[in-house]
Each structure stands twice: as C-alpha cells, then as structure tokens.
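Undergrad:
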Amino acid sequence: MSLLHDIQTAVLQEDSELGPILLKLRLLAARLGSQPLAEWVKHESEGYPSDADLPDYRIISVSYTASFSGPFGSGIRNAQISPYLIEKFAGKQWVRYEMRESIAAVDDLLGSSKKGGSLGINAANLILLLQGKVYPGYACNDVTGTISRSSLAEIRHSVRSRVLELTIELEKSIPEASVVELGKADPSSAKNSAAATQIAQQIIYGNVTSISATGDGARINVVVGERDVDTLVQFLVESGLPESDARQLGKLAASEEPESKSEPLGAKARKWLVDNLKKATDGTWKVGVSVATDLIKKALLKYYGLE
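Heads up: the sequence shown runs through residues 298 to 604, numbered per our numbering.
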C-alpha cells in the first residue's frame with residue numbers, strides 16, 4: 298500500500314491516533330517537496346511557535362465569569378461577563394484564545410476533562426483590567442475564563458478532516474503522490490512541489506494568493522481591495538473558481554451589504570453559495586467544499602473592509 302493510501306486508511310479509522318498519521322504525512326510532504334505542508338504537520342505535531350501563523354480553527358472563543366464586592370457587604374458572584382465588555386476593556390486577544398499546543402496536548406486535555414465540560418484558563422490579569430468598569434462602585438475580586446471541551450474536539454476533528462482532504466486533493470492533482478512508498482525514489486519536482494504547496498495552502502488556510510512556495514517564511518495573504526470587484530474576482534479565479542462564477546459573486550457582493558462583521562455574506566451571496574457549492578464536489582471548482590466556503594468568506598471580509 299502506498300504512503301498516501303496508508304494515511305487515508307488510518308485517518309478514516311475512528312479510534313486511530315493523529316500522531317502516527319501526521320508523521321506519515323510529514324514524510325509524504327518531504328517526498329513531494331512541499332515545505333509549507335511539512336511545516337503545518339510539524340506545528341500540529343510539536344505545537345505552534347509564538348511567531349507562527351495560526352489556522353482559523355485553532356482560534357477559539359472564551360467565556361468569563363467574575364465576582365464583585367460592593368459597599369455594605371453587598372456583592373455579585375459568578376456573574377457572566379459579555380465578550381463585548383471583555384474586548385472593550387481588555388482587548389480582542391482575551392476573547393479569541395490561540396490554542397498553540399500540539400495535537401497530542403489537545404488530546405490529553407480532552408482526555409482529562411469531563412464529557413460536555415469546560416477547561417479553565419489563567420485570567421488573573423483581567424482583574425485589574427476590569428476593575429471598576431463592569432459594575433461601577435463594585436470591586437472585581439476574581440475572574441474565571443473557560444473554554445468549552447467541544448472547542449478542543451473541533452480542533453481535533455478539523456485536523457483529521459484536513460488530513461483527509463489533503464490526501465484526496467493530492468491524489469487527484471498529483472498522480473505521482475499516490476505511488477510514493479518507503480524506500481522508493483522521490484517524485485519530487487518543481488511542478489509537484491508547487492502543486493502540493495497550493496493544495497496545502499487552500500485546505501489549511503483557505504486562500505492561495507501571494508504564496509512563497511518554500512522556506513521557513515512561507516506566508517499567504519488575501520489580496521482583495523476594499524469595494525474593488527476586480528480584485529475580488531481575480532482572487533476567486535486564482536483560488537480555483539471559474540471566472541463566470543467569480544464574476545457572479547462579485548456582482549452580488551457589490552449589490553448588497555454583509556449581514557454582520559462576523560458574517561460577511563449578504564442574503565443573495567449566501568443563497569448563491571448554497572446553490573453553487575455542489576461545483577466544489579463535482580470538480581467544476583478546483584477547491585474543496587470546506588475550503589471554498591472559507592476562502593469566499595475571507596475574500597468578502599477584505600472586500601467589505603471588515604478585516
């Protein structure tokens with residue numbers, strides 16, 4: 298069995314551990330000559346350094362409760378603090394937790410927590426930042442931050458699903474990838490390396506423009522000008538959509554406003570996406586379903602000036 302098919306078989310087994318699967322994928326990435334893919338696997342296996350870009354699926358929300366004391370022995374205990382107030386008084390980084398630990402550490406946290414429960418994070422510094430601001434006249438005595446267990450389960454599922462989608466796309470786009478075996482000659486070439494890198498960037502990060510194909514500094518950026526339909530269409534075409542579809546979406550984006558800052562699709566664009574996503578599964582779009590959704594949302598965030 299080839300290395301790629303071995304990875305697919307293992308990832309489809311529900312009880313299989315991700316560690317050995319990622320090691321095999323790292324070897325496959327090396328054989329294909331894709332440095333960005335190899336770096337992603339390394340980061341998932343060993344953890345993300347503080348200066349490394351995090352995929353969106355590793356940024357999770359945090360909820361907070363706090364206790365306050367007031368005059369004449371009054372007090373408020375375990376009060377829910379809205380994310381809006383946390384972001385207003387302390388900054389966005391407090392409501393968007395960056396999970397940089399390795400996938401093994403994520404598994405360990407999941408294993409040590411109760412099903413359906415939550416995990417605490419150190420929120421001691423918030424006491425000073427919230428002092429006297431949430432309830433005027435009340436002193437903030439304690440703040441507890443929690444992340445849901447399901448958020449960690451979603452990270453693990455996201456990694457597993459991306460590994461599967463990566464191997465499917467590699468098999469479809471690079472035929473040589475499906476015959477890589479231990480001890481045999483590498484199929485690495487400039488063409489294969491570029492193709493593997495583009496596939497990895499699409500599936501892991503959701504966009505493919507401005508790619509440096511090799512080296513530790515490989516980065517990607519969504520290059521879409523604010524309210525610039527032409528750059529929106531160009532980005533979508535370069536990402537794998539046919540020009541006709543890209544222009545349809547561009548026209549819809551120009552005709553309406555997004556629903557919110559977190560949901561950049563308007564009503565017409567949302568209906569168009571639902572109607573057209575089947576093209577990602579039948580091969581009309583050169584990008585997978587989950588990646589297509591992510592890159593379109595990222596592009597519209599840039600188009601509307603929300604990011």
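In this text, a Cβ means the ideal position worked out from N, Cα and C, and glycines have one as well.
Quick caveat: nothing in here was measured; it's all calculated off a predicted structure.
What is the residue span of the alpha helix (DSSP H) that R567 lies within?
TA: As a first step, residue 567 must be located in the sequence shown, where it is residue number 270. Unbroken alpha helix (DSSP H) run through R567: 564-573.
Undergrad: Considering Cα atoms alone, identify which of A402, P472, F365 is closest to V431.
TA: On the sequence shown, position 134 is the one that residue 431 refers to. For V431, the nearest C-alpha among the options comes from F365.
Undergrad: Round the Cβ separation of L407 and A450 to the nearest angstrom and send it over; I've been treating them as touching at under 8 Å.
TA: Within the sequence shown, the letter at position 110 stands for residue 407. Within the sequence shown, the letter at position 153 stands for residue 450. About 6 Å; that satisfies the 8 Å criterion.
Undergrad: Go through its chain and collect everything with a Cβ distance to S331's Cβ below 7 Å, but skip five positions before and after it.
TA: Locating residue 331 in the sequence shown gives position 34, counting from the first residue. Cβ within range, chain order: S490, A493, T494, A497.
Undergrad: Checking the sheet assignment: what are the DSSP bridge partners for L416?
TA: Translated into positions along the sequence shown, residue 416 becomes position 119. Bridge partners of L416: I444.
Undergrad: In three-state terms, what does DSSP make of T581?
TA: By one-based count along the sequence shown, residue 581 stands at place 284. The answer is coil: DSSP assigns T581 none of H, G, I, E or B.
Undergrad: Just to confirm the assignment: which complete beta strand (DSSP E) runs, minimum length 3, are found wholly within the region 432-476?
TA: Qualifying beta strand (DSSP E) stretches, in chain order: 436-445.
Undergrad: In this structure, how does DSSP classify K599 when only helix, strand and coil are distinguished?
TA: Taking the first residue of the sequence shown as 1, we reach residue 599 at position 302. Three-state DSSP puts K599 in a helix.
Undergrad: Which term fits D591, buried or exposed, when burial requires 16 or more other beta carbons within 10 angstroms of its beta carbon?
TA: Stepping through the sequence shown from its first residue, residue 591 is reached at position 294. Classification for D591: buried.
Undergrad: Counting C-beta neighbours from all protein chains within 10 Å, is the total for P433 16 or more, i.e. buried, or is it exposed?
TA: Locating residue 433 in the sequence shown gives position 136, where the first residue counts as 1. By the 10 Å Cβ count, P433 comes out exposed.
Undergrad: Could you round the C-beta distance between R397 and I356 to whole angstroms and report it? I think they count as a contact, below 8 Å.
TA: For the purposes of this step, residue 397 is taken as the residue at position 100 of the sequence shown. For the purposes of this step, residue 356 is taken as the residue at position 59 of the sequence shown. Not really, about 10 Å apart at Cβ, beyond 8 Å.
Undergrad: Going straight from the alpha carbon of G580 to that of S455, what length do you get?
TA: Translated into the one-based positions of the sequence shown, residue 580 becomes position 283. Translated into the one-based positions of the sequence shown, residue 455 becomes position 158. Distance between the alpha carbons of G580 and S455 is about 22 Å.
Undergrad: Using the three-state DSSP reduction, which class does N422 fall into: helix, strand or coil?
TA: Along the sequence shown, one-based indexing puts residue 422 at 125. Note: N422 maps to coil in three-state DSSP.
Undergrad: On the three-pair Cβ rule with 8 Å, is the region 382-391 touching the region 529-544?
TA: No: fewer than three Cβ pairs fall under 8 Å.
Undergrad: How many angstroms separate the CA atom of I452 from the CA atom of Q531?
TA: In the sequence shown, residue 452 corresponds to position 155, counting from 1. In the sequence shown, residue 531 corresponds to position 234, counting from 1. For I452 and Q531, the distance between alpha carbons rounds to 31 Å.
Undergrad: So E343 is in the alpha helix (DSSP H); what residue range does that whole segment cover?
TA: Taking the first residue of the sequence shown as 1, we reach residue 343 at position 46. That run of the alpha helix (DSSP H) goes 332-343.
Undergrad: Could you tell me whether the Cβ atoms of T464 and S360 are closer together than 7 Å?
TA: Here residue 464 corresponds to residue number 167 of the sequence shown, with the count starting at 1. Here residue 360 corresponds to residue number 63 of the sequence shown, with the count starting at 1. Going by C-beta atoms, T464 is not nearer than 7 Å to S360.
Undergrad: Please classify G602 as buried or exposed, where buried requires at least 16 other C-beta atoms within 10 Å of its C-beta.
TA: Here residue 602 is taken as the residue at index 305 of the sequence shown, counted from 1. Exposed is the call here.
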